[in-house]
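Numbering follows our numbering, in which position 75 of the sequence shown is assigned residue number 76; successive positions increment by one, without gaps.
Heads up, the beta-carbon is just placed ideally off N, CA and C, and yes, glycines get one too.
Scroll down for the structure; my scribbles are underneath it.
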Amino acid sequence: MDVYQRTAAGWQPVGVGIDAWIGANGMAPQTHDGEMKTPMGIFTLDFAFGTAPNPGGGLKYVQVGSDHWWDGDMKSPTYNTMQVCKKAQCPFATDPRSGTENLNIPQYRHAVVMGVNKARVPGNGGAFFVHNTDGGPTAGCVAIDDATLVQIIRWLRPGALIAVAK
Numbered sequence: 002m003d004v005y006q007r008t009a010a011g012w013q014p015v016g017v018g019i020d021a022w023i024g025a026n027g028m029a030p031q032t033h034d035g036e037m038k039t040p041m042g043i044f045t046l047d048f049a050f051g052t053a054p055n056p057g058g059g060l061k062y063v064q065v066g067s068d069h070w071w072d073g074d075m076k077s078p079t080y081n082t083m084q085v086c087k088k089a090q091c092p093f094a095t096d097p098r099s100g101t102e103n104l105n106i107p108q109y110r111h112a113v114v115m116g117v118n119k120a121r122v123p124g125n126g127g128a129f130f131v132h133n134t135d136g137g138p139t140a141g142c143v144a145i146d147d148a149t150l151v152q153i154i155r156w157l158r159p160g161a162l163i164a165v166a167k
């Protein structure tokens, strides 16, 4: 993975050759729920979250716990958004088979939300993040070393983008 910053002189590399893991089934220009593919394209980096305290930076940061979920229930009006509720009281399916994820997991020590499927079209994929790695492929996210991710989070500002390409 390479990280660039736009300056008056154009795009300048900030980090080059960062080891990154992608979806277990590779990348695709269009993704659908359950495909285990990382979406290709240019996406906004909307906000950061994690189980760890805010490391600083310019993006909104949400420290998550056991009541934080990413709604993957395609029948839910809050599909593909972060929600906060007690498991038994959530108004959407919390079973992992529904696509919903509890965000209180080690891979989300730090994470940044990729603005994929912002229209929240059911079935077009959701819960795409840049997050810390467990050393293997992902369900469709981009995963990197946590220390590197913290450096990137501290550097990010509103309007930041991610370009995913082969």
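query: Residues in its own chain within less than 7 Å of Gly57 by CB, not counting five upstream and five downstream?; result: Arg155
query: Could I get the ranges of all uninterrupted alpha helix (DSSP H) runs contained in the segment 36 to 61, with 4 residues as the minimum, in chain order?; result: none
query: Among Gly160, Ala164 and Val165, which one has its Cα closest to the Cα of Phe48?; result: Gly160
query: Just to check my reading of the structure: Pro40 and Phe130 have Cβ atoms closer than 8 Å, yes? What is that Cβ distance to the nearest angstrom?; result: That pair is no contact at about 12 Å.
query: Distance check for Lys167 and Asn105, CA to CA, integer angstroms please.; result: 31 Å
query: Quick check: Cys86 and Asp74, are their CB atoms within less than 8 Å of each other?; result: no
query: Got a sec, what are the start and stop residues for the alpha helix (DSSP H) Leu150 sits in?; result: Asp147 to Trp156
query: Suppose you measure from the CA of Gly35 to the CA of Asp96; what does that come to, to the nearest Å?; result: 14 Å
query: I believe Ile23 touches Thr139 by the beta-carbon criterion, under 8 Å. Please report the beta-carbon distance rounded to the nearest angstrom.; result: 6 Å
query: I'd like to check one pair, Asn81 with Gly127: are the Cβ atoms closer than 8 Å?; result: yes
query: Going by beta carbon distance, what residues of the same chain come within less than 6 Å of Tyr62, once the five residues before and after it are set aside?; result: Ala49 and Asn55
query: Could you tell me the alpha carbon to alpha carbon distance between Leu46 and Phe93, rounded to whole angstroms?; result: 25 Å
query: What three-state label does DSSP hand Arg110 in the structure shown?; result: coil
query: Beta-carbon within less than 8 Å of Ile19's beta-carbon, same chain only, minus the 5 sequence neighbours each way: which residues are those?; result: Met2, Asp3, Val4, Ile145, Asp146 and Thr149
query: If you draw a straight line from the C-alpha of Cys142 to the C-alpha of Ile153, how long is it?; result: 16 Å
query: Report the residue from Ala10, Gly11 and Arg121 whose alpha carbon sits nearest the alpha carbon of Lys76.; result: Arg121
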